[in-house]
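Protein chains in written order, with this note's numbering: chain G, 7 to 241; chain R, 7 to 241.
Structure record follows, encoded as structure tokens.
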């Protein structure tokens with residue numbers, strides 16, 4: 007990737023494991039031989055991007071044990087998570103320099119493609135931000151009380167991560183007061199007055215939140231693992 | 007299922023296979039040991055629902071060969087498809103009696119759960135229609151030219167099939183002139199002046215349109231196949 011600015015990734019993993027019906031938080035569940043979070047980190051580290059991992063404070067010791075056990079030696083910085091995703095990202099930003107580009111990525115999206123990562127950084131270098139999006143396959147309806155109406159799905163996009171931003175602009179945006187409407191970083195950035203530049207995501211880049219997602223991720227990742235342990239998808 | 011009305015399912019399979027990068031139309035691709043379309047049919051036939059399969063006319067001979075080869079003996083009616091999904095469904099409706107309930111289902115959704123099927127019929131018996139919907143996991147943006155805006159995803163639902171209707175009302179609705187805005191049966195029914203009743207779908211009920219979908223479907227179906235060849239999901 008030919009980007010002159012310093013590149014960072016904040017990988018946010020705040021899950022407690024309750025929706026996975028498992029004792030272990032979802033970011034630590036094993037996928038193709040190692041915890042999900044290690045796959046997510048590797049996608050960025052592989053590209054020479056510096057890593058900040060945000061984890062709930064009680065999980066940090068366990069994470070270090072896992073890194074030893076799986077011989078996971080990619081260098082990465084660690085910081086405690088906050089009460090919400092917004093506060094976790096804000097903590098992560100506090101570790102970053104004042105300039106450069108930062109990707110904020112869900113720790114439970116291990117199937118992001120190399121192409122999505124490089125494309126988001128490249129476009130954010132020009133536009134100030136880049137947010138990966140994919141078309142919607144199903145029909146979509148908007149509910150309101152007991153009624154609903156069909157939306158034009160051709161105008162809709164499902165938004166993924168990594169969402170990449172100019173560090174200085176994102177830090178400034180995160181000085182805003184928190185509201186529950188901040189469901190992702192793009193919404194924080196947009197509220198600060200910036201336009202959101204959408205770019206192409208990869209449809210396999212699913213968020214692992216329920217047990218079936220893990221089965222699907224395994225099916226998508228497995229065929230490519232033998233060839234190259236870090237290359238998740240043919241690109 | 008305790009439904010007093012006659013129950014029908016129109017299973018629409020119009021795929022040509024071009025998006026699957028395979029010589030064979032997607033509805034005929036093998037999933038856990040037999041063509042996708044056979045799984046989809048079995049989900050309904052299993053519940054005592056009468057079946058009409060709509061296929062592009064040039065594929066009907068091949069389908070009959072497949073039924074022989076896989077020893078697929080569920081009784082089902084066949085009819086040629088039309089120029090669009092709308093016209094295919096309309097052809098299917100022409101084979102039905104004037105009364106009862108009909109499910110219209112995508113042939114490439116073999117993972118619909120028994121619970122979704124029975125729930126849609128039960129609620130359609132009361133409401134005149136029932137359409138399965140699931141929540142949206144990702145953030146959603148609506149694009150307009152070069153800009154986009156975030157939507158409140160908590161109000162959005164992804165719409166699946168089977169969509170179940172009172173046969174008399176659906177036949178009447180399909181007398182309307184075709185417009186490209188008719189992306190599913192609910193949109194046709196709604197345009198005819200009826201309210202759409204949403205019910206709970208199952209998230210695994212994905213539409214198989216690209217090769218990765220087939221891998222995911224295989225991963226979701228496989229664990230349940232040994233136990234009972236027709237029971238696709240633990241319910």
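Glycine residues also receive a C-beta, built at the ideal position from the N, C-alpha and C atoms.
query	result
Leaving out five residues before and five after residue 191(G) in sequence, what residues of the same chain have Cβ atoms less than 6 Å from its Cβ?	110 and 169
Runs of 3 residues minimum, wholly inside the segment 50–74 of chain G: which ones carry the beta strand (DSSP E) assignment?	56–61
Closest to residue 106(R) by C-alpha separation, out of 225(R), 16(R) and 37(R), would be which residue?	16(R)
Sorted by chain position, which residues of the same chain lie with C-beta nearer than 6 Å to residue 140(R)'s C-beta, five sequence neighbours on each side aside?	164, 207 and 209
Run the CB neighbour count on residue 68(G), radius 10 Å, all protein chains shown included, and call it buried at 16 or more, exposed below.	exposed
Distance cutoff 9 Å, beta carbons only. Does residue 242(R) sit that close to anything in chain G?	Given that chain R is displayed from residue 7 to residue 241, the structure contains no residue 242(R) and the question cannot be resolved.
Going by DSSP in three states, residue 188(R) sits in which element: helix, strand or coil?	coil
Can you tell me whether DSSP reads residue 125(R) as helix, strand or coil?	helix
Thinking residue 80(R) and residue 51(R) are a contact (beta carbons under 8 Å), I'd like their distance in whole angstroms, please.	4 Å
Give the secondary structure of residue 97(R) by DSSP, where H, G and I count as helix, E and B as strand, and everything else as coil.	helix
Residue 35(R) CB to nearest chain G CB: under 9 Å?	no
With a cut-off of 9 Å, does the C-beta of residue 193(G) fall near any C-beta of chain R?	yes
For the alpha helix (DSSP H) containing residue 173(R), list its first residue and its last residue.	173–179
Just tell me which of 33(G), 182(G), 162(G) and 92(G) has its CA closest to the CA of residue 72(G).	33(G)
Pull up the CB-CB distance for residue 201(R) and residue 37(R), whole angstroms please, since I reckon it's below 8 Å.	With a Cβ gap of about 35 Å, residue 201(R) and residue 37(R) do not count as contacting.
What does residue 213(R) reach in chain G if we use C-beta pairs closer than 9 Å?	143 and 144
Report the three-state DSSP secondary structure of residue 118(R) (helix, strand or coil).	coil
Output, in sequence order along the chain, the residues in the segment 111–141 of chain G whose CB is closer than 7 Å to any CB in chain R.	139
Hey, how far is the Cα of residue 152(G) from the Cα of residue 119(G)?	40 Å
For chain G, find out if any of its Cβ atoms is closer than 9 Å to the Cβ of residue 86(R); answer yes or no.	no
Please list the terminal residues of the continuous beta strand (DSSP E) segment that includes residue 108(R).	107–112
Between residue 233(G) and chain R, is any beta-carbon pair separated by less than 9 Å?	Low confidence applies here, because residue 233(G) scores a pLDDT of 47, under 50, leaving its location unreliable; read the following figure in that light. Chain R contact via Cβ: absent.
Look up residue 234(G) in the DSSP assignment and say whether it is helix, strand or coil.	Interpretation of residue 234(G) is limited by its pLDDT of 46, a score under 50 that renders its predicted location unreliable; the figure taken from the coordinates is listed afterwards. Coil.
Taking 9 Å as the threshold (beta carbon to beta carbon), is residue 184(G) in contact with chain R?	no
Per DSSP, what kind of secondary structure is residue 47(R) in: helix, strand or coil?	helix
If you count every other CB in all the chains shown that lies within 10 Å of the CB of residue 154(R), and 16 or more means buried, which is it?	buried
In whole angstroms, what separates the C-alpha of residue 147(R) from that of residue 75(R)?	46 Å
Which of the three DSSP states, helix, strand or coil, is assigned to residue 42(G)?	helix
At 9 Å on the CB atoms, spell out the chain R contacts of residue 90(G), in chain order.	In chain order: nothing, as chain R lies at least about 15 Å away.
I'd like to confirm the pairing. Which residues does DSSP put opposite residue 162(G) in its beta bridges?	148(R)
Confirm, please, whether the CB-CB distance from residue 197(G) to residue 99(G) is below 9 Å.	no
List the endpoints of the continuous beta strand (DSSP E) containing residue 90(G).	Careful: residue 90(G) lies outside any beta strand (DSSP E) and carries neither H nor E.
What in chain R is Cβ-close to residue 204(G), meaning under 9 Å?	147, 149 and 154
Taking DSSP as the reference, what is the three-state secondary structure of residue 138(R)?	strand
With a threshold of 9 Å between beta-carbons, can residue 19(G) be considered close to chain R, or not?	no
Give the DSSP-derived three-state secondary structure of residue 13(G) in the structure shown.	strand
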